[in-house]
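Everything below concerns the one structure shown next.
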Amino acid sequence: MEIAHLEPVSGLAWSVFRGGRAEVMRALGSEHADAIRAFRDLQGGTWEAQMRRADGVAAARFDAVIASTRRLLPVESQELAWIAEGAGIPERDMWARNLRGDLGRDGTGCSDLALTTDAGVLMGHNEDGSGELHEAIRLVTLDIEGDPAITAVWYPGMLPSNAFVTTTAGLAFGMDHVPVVTANTEGAGRHFVARHAQRRQSGDSARAALSEVPCAGGFAFDIADADGRADLIENAGGRVARTSGAYRHTNHLRLIDGTADGLAVPDDDVWLQESRNRLSVLHGCGTPATADEVFAALRMPGVLGRSDDMWTFVTAVVDTAADEVLLAGSGALWRGRWSAFARGERVTL
């Protein structure tokens, strides 16, 4: 088992874990135990609210989705248990945090923009969340025996899967919340579906994982690979739809009928309106032709989150043809070698 702490990237701390699955996940929890506990114990915080809901009005749904996730995705479920063990907190508390958006609405955002070129794919992701997490978000690399190595933008307490992820299989992922009003209790937690796909050895198998395992809640999964293919897969409440090529996505359903039973939110919903407005701004930026233009589009006023309830923590862009990744956290924009970044190596361009 090896643990390394690299020089931060754009203000983001970066830790690398290499070894067997159980020891890596336990170490991920133990190395970040203080941060995980601090967020869980934050009075009036979102994790505290999720724990109350899981033990209260959503208890039956919560237990059903845990059982379904364990049945459908046992490896990823066990990974969460090991993180909890390493952090020294009850596993149920970790489930409450990781099933946010699988028990009902999760209002926070994220934006994605992708297009294919003659040479490859340009894909960018804004990772948005509640301002209470501003100091916690970081980078982690998991190099687990038998899996592709992954480097993820990570919130302590989560499976490292729900934000922006790159892998040594030549894949890049961005995840956007989409609303599911009524959970699919026969589905799996969306973070676990994401992690399952990110462990695949090829783009085809990753896309199959995102399409074949139903989410209890909803994510729009953006996936790009070094072979020059980009896909958007919406997986929401047991419904799945997909498109390829150029796309922009925020936090409302675009491929699946968002007016269907269990998915519909009022047309005057404040988060729905915000998501539509953000998408409109993204469309207004034209068609980017370079990684820098994708980055600029995601940092435009109206796209970049700068409110307490939706703050853009990280903007990440991958250029598969140039083997380049752009990353902006709280510090200056960083340019690195994408393939090295996925391996947990800090190679600045």
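Okay, so the sequence shown: first residue is 0 according to numbering that gives the first Met the number 0, each after it adds one.
By construction, the Cβ of each residue, glycine as well, lies at the ideal position given by its N, Cα and C atoms.
### Host beta strand (DSSP E) of G202 (start-end)
Numbered from 1 along the sequence shown, position 203 holds the residue referred to as residue 202. Under the DSSP assignment, G202 falls outside any beta strand (DSSP E), being part of the alpha helix (DSSP H) whose first and last residues are 202 to 211.
### Exposure label - L252; buried when at least 16 CB within 10 Å
Locating residue 252 in the sequence shown gives position 253, counting from the first residue. Residue environment for L252: buried (at least 16 other C-beta atoms within 10 angstroms of its C-beta).
### Query
Got a sec, what are the start and stop residues for the beta strand (DSSP E) A223 sits in?
Here residue 223 corresponds to residue number 224 of the sequence shown, with the count starting at 1. For A223, the enclosing beta strand (DSSP E) covers residues 217 to 224.
### Task
Pick helix, strand or coil for P300, following the three-state DSSP scheme.
As a first step, residue 300 must be located in the sequence shown, where it is residue number 301. Looking at P300 - three-state DSSP - the assignment turns out to be strand.
### Task
Tell me whether the beta-carbon of G103 lies closer than 9 Å to the beta-carbon of A113.
Counting from one through the sequence shown, the residue named residue 103 turns up at place 104. Counting from one through the sequence shown, the residue named residue 113 turns up at place 114. Their beta carbons are not under 9 Å apart, which means G103 does not touch A113 by this criterion.
### Query
Identify the residues that DSSP records as bridge partners of S110: which are they?
Locating residue 110 in the sequence shown gives position 111, counting from the first residue. According to DSSP, S110 bridges with N125.
### Message
Nearest by alpha-carbon distance to D318: which of H248, G330, T289 is it?
### Response
Here residue 318 refers to the residue found at position 319 when the sequence shown is read from its first residue. If we check each option's Cα against that of D318, T289 comes out closest.
### Message
Could you check whether the Cβ of V280 sits closer than 9 Å to any Cβ belonging to chain C?
### Response
This model lacks chain C altogether; it includes just one protein chain.
### Query
What residue range is occupied by the uninterrupted alpha helix (DSSP H) comprising T242?
In the sequence shown, counting from the first residue as 1, residue 242 sits at position 243. Per DSSP, T242 belongs to no alpha helix (DSSP H); it is in the beta strand (DSSP E), 238 to 243.
### Query
Among residues of its own chain, excluding the 5 on either side of Y246, which ones have a beta-carbon nearer than 7 Å to its beta-carbon?
By one-based count along the sequence shown, residue 246 stands at place 247. Here the set comprises A113, L231.
### Task
Indicate the three-state DSSP secondary structure (helix, strand or coil) for A58 in the structure shown.
Position 59 of the sequence shown, counting from 1, holds the residue named residue 58. The answer is helix: DSSP assigns A58 an H, G or I state.
### Task
Give a yes or no on whether the C-beta atoms belonging to E30 and D40 are separated by under 9 Å.
Along the sequence shown, one-based indexing puts residue 30 at 31. Along the sequence shown, one-based indexing puts residue 40 at 41. In this structure, D40 does not lie closer than 9 Å to E30 by Cβ.
### Message
If you measure between the beta carbons of G188 and A215, is that distance less than 9 Å?
### Response
On the sequence shown, position 189 is the one that residue 188 refers to. On the sequence shown, position 216 is the one that residue 215 refers to. Yes, the pair counts as a contact, with Cβ atoms nearer than the cut-off.
### Query
Hey, quick one: how far does the alpha helix (DSSP H) through L79 stretch, first residue to last?
Taking the sequence shown and counting its residues from 1, the one referred to as residue 79 is at position 80. Residues 73 to 86.
### Message
Suppose you measure from the CA of R51 to the CA of E233; what does that come to, to the nearest Å?
### Response
Working through the sequence shown from its first residue, we reach residue 51 at position 52. Working through the sequence shown from its first residue, we reach residue 233 at position 234. Roughly 29 Å between the two C-alpha positions.
### Query
Quick one, are the C-beta atoms of S360 and S329 less than 9 Å apart?
Beyond the ends of the chain as shown, which are 0 and 348, falls residue 360; an answer cannot be given.
### Task
May I ask which residues mark the beginning and end of the alpha helix (DSSP H) holding E273?
For the purposes of this step, residue 273 is identified with residue 274 of the sequence shown, where counting begins at 1. Run containing E273: 269 to 282, per the alpha helix (DSSP H) assignment.
### Task
Less than 8 Å between the CB atoms is what I'm expecting for D142 and V324, so what's the real figure, rounded?
Along the sequence shown, one-based indexing puts residue 142 at 143. Along the sequence shown, one-based indexing puts residue 324 at 325. Cβ-Cβ separation between D142 and V324: approximately 17 Å, too far for a contact (criterion under 8 Å).
### Cβ neighbours of H133 in the same chain (closer than 7 Å, five flanking residues each side left out)
Walking along the sequence shown from the start, residue 133 turns up at place 134. Correct list, in chain order: W310, F312.
### Query
Just reading off the alpha helix (DSSP H) that D318 is part of, what are its end residues?
Along the sequence shown, read from residue 1 onward, the residue named residue 318 stands at position 319. Careful: D318 lies outside any alpha helix (DSSP H), inside the beta strand (DSSP E) at 309 to 318.
#### Entry: Endpoints, alpha helix (DSSP H) assigned at M93
For the purposes of this step, residue 93 is taken as residue 94 along the sequence shown, with counting starting at 1. Judged by DSSP secondary structure, M93 falls within the alpha helix (DSSP H) whose first and last residues are 90 to 97.
#### Entry: For M174, the first and last residue of its enclosing beta strand (DSSP E)
Start at 1 with the first residue of the sequence shown, and residue 174 comes out as number 175. That run of the beta strand (DSSP E) goes 170 to 176.
### Query
Can the beta-carbon of G301 be found less than 9 Å from the beta-carbon of R277?
To locate residue 301, count along the sequence shown from 1; it is residue 302. To locate residue 277, count along the sequence shown from 1; it is residue 278. Cβ atoms of G301 and R277: closer than 9 Å.
### Query
What is the DSSP secondary structure of E185, reduced to helix, strand or coil?
Locating residue 185 in the sequence shown gives position 186, where the first residue counts as 1. Assigned with DSSP and collapsed to three states, E185 falls in coil, not helix or strand.
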